[in-house]
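Trainee: Here it is: the structure, laid out below.
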Amino acid sequence: MRLLEEKIISEGRVLSDQVLKVDSFLNHQIDPFLMKEIGKEFAARFANEGITKIVTIESSGIAPAVMAGLYLNVPVVFARKRKSLTLTDDLLTASVHSFTKKETNEISISKKYLDEADRVLIIDDFLANGQAALGLVEIVQQSGAMVLGIGIVIEKAFQQGSEKLKERGLRVESLARIASLANGQVQFINENVEELV
Ligand code: 5GP
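All letters in the sequence shown, in the order written, are residues 11 to 207 by the numbering used here.
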């Protein structure tokens, strides 16, 4: 997605060969116009899947997920990383090791908001080693619902997440795919050959 790639180039900061910081439009301050375009793009890519619900994880998945939910006209549920005192219902849970925070969280969603009739699109901000997405897949499958695909805003294709998800037969759609962050440079995988001209 051209607009997203341009934003990454102009505002992203490469913190290391492994980590990209995009606090100015996705992970801290949020660019609503960009989120709207991202939501529209996810909705277009999954338009024919009969999606009934979007599942994401707090906090940075929520903005793109809500915009996709708006365009697909379906509700959005986010997994919580910490148990809330008000989250007293029966819970679906999975254990997720965070790539950036180096800690393991028990993530959870109330059983009330997912059931076997649901056709789910999972959305997250980044895909690195796939732990967050796999945890969300596990939760959705516990509910008996079907995962129709995974929408990722920024995929770091040099890490293993996408392969792990595709090995399980899951469809992964990433709006920006980064081949490398070496030498402080963001290198994209450009699937559209015309864009290279
Ligand atoms: P995974 O679970 O795929 O290993 O990592 C994905 C999660 O880690 C995302 O939800 C995101 O919050 C965080 N993450 C992974 N890599 C990056 C990165 O390079 N930059 C930022 N800002 N977050 C990342």
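Note that CB positions come from ideal geometry on N, CA and C, so glycine has one too.
Remember, predicted model here, so these are calculated numbers, not experimental data.
Distance check for Glu148 and Leu175, CA to CA, integer angstroms please.
Mentor: Those two C-alpha atoms are separated by around 12 Å.
Trainee: Have a look at Asp100 and Ala127 and give me their C-alpha separation to the nearest angstrom.
Mentor: Approximately 18 Å between the Cα atoms of the pair.
Trainee: Taking 7 Å as the cut-off, is the beta-carbon of Phe136 closer than that to any non-hydrogen atom of the ligand 5GP?
Mentor: Yes, the ligand 5GP has a heavy atom inside 7 Å of this Cβ.
Trainee: Does at least one heavy atom of the ligand 5GP sit under 7 Å from the Cβ of Gly171?
Mentor: Yes, Cβ of Gly171 sits closer than 7 Å to a heavy atom of the ligand 5GP.
Trainee: Let me check understanding here. Comparing Cα to Cα, which of Pro74, Ala78 and Phe88 lies closest to Lys121?
Mentor: If we check each option's Cα against that of Lys121, Phe88 comes out closest.
Trainee: Is Ile67 near the ligand 5GP, going by C-beta to nearest heavy atom under 7 Å?
Mentor: Yes, the Cβ of Ile67 comes within 7 Å of a heavy atom of the ligand 5GP.
Trainee: Please work out which residues of its chain come closer than 7 Å, Cβ to Cβ, to Ala53, disregarding the five sequence neighbours upstream and downstream, and give them in chain order.
Mentor: These residues qualify, in order along the chain: Ala78, Tyr81 and Leu82.
Trainee: Nearest to Ile119 by CA position, among Ile64, Gly159 and Val84, is which residue?
Mentor: With distances taken between Cα atoms, Ile119 lies closest to Ile64.
Trainee: Near Thr62, what residues of its chain come up, given a Cβ to Cβ distance below 6 Å and the 5 sequence neighbours on each side ignored?
Mentor: Hits under 6 Å: Val84, Asp128 and Arg129.
Trainee: Within the same chain, show all residues whose beta-carbon is closer than 6 Å to that of Arg23, passing over the 5 residues directly before and after it, in chain order.
Mentor: Cβ within range, chain order: Lys31.
Trainee: Under three-state DSSP, which class holds Ala122?
Mentor: For the record, residue 122 in the displayed sequence is Lys; it is not Ala. If DSSP states are grouped into helix, strand and coil, Lys122 belongs with the helices.
Trainee: Using CA coordinates, which residue listed in Ala57, Leu44 and Arg187 is at the minimum distance from Phe136?
Mentor: Measuring from the Cα of Phe136, the nearest candidate turns out to be Arg187.
Trainee: Could you tell me which residues DSSP pairs with Leu101 in its beta bridges?
Mentor: The partner list for Leu101 (beta bridge, DSSP) reads Ser120.
Trainee: Taking only three categories from DSSP, how would you classify Lys131?
Mentor: A small correction: the amino acid at residue 131 is Leu; Lys does not occupy that position in the sequence shown. The answer is strand: DSSP assigns Leu131 an E or B state.
Trainee: Under 8 Å, do Phe198 and Glu59 count as touching if we go by C-beta distance?
Mentor: Going by C-beta atoms, Phe198 is not nearer than 8 Å to Glu59.
Trainee: Between the alpha carbons of Val236 and Leu102, how many angstroms are there, rounded?
Mentor: Because residue 236 is not part of the residues shown, which for the chain are 11 to 207, the question remains open.
Trainee: CB Leu44 to CB Phe35, shorter than 8 Å?
Mentor: Taking 8 Å as the Cβ cut-off, Leu44 and Phe35 qualify as a contacting pair.
Trainee: Taking Cβ positions, are Ile162 and Val182 nearer each other than 8 Å?
Mentor: Contact: yes.
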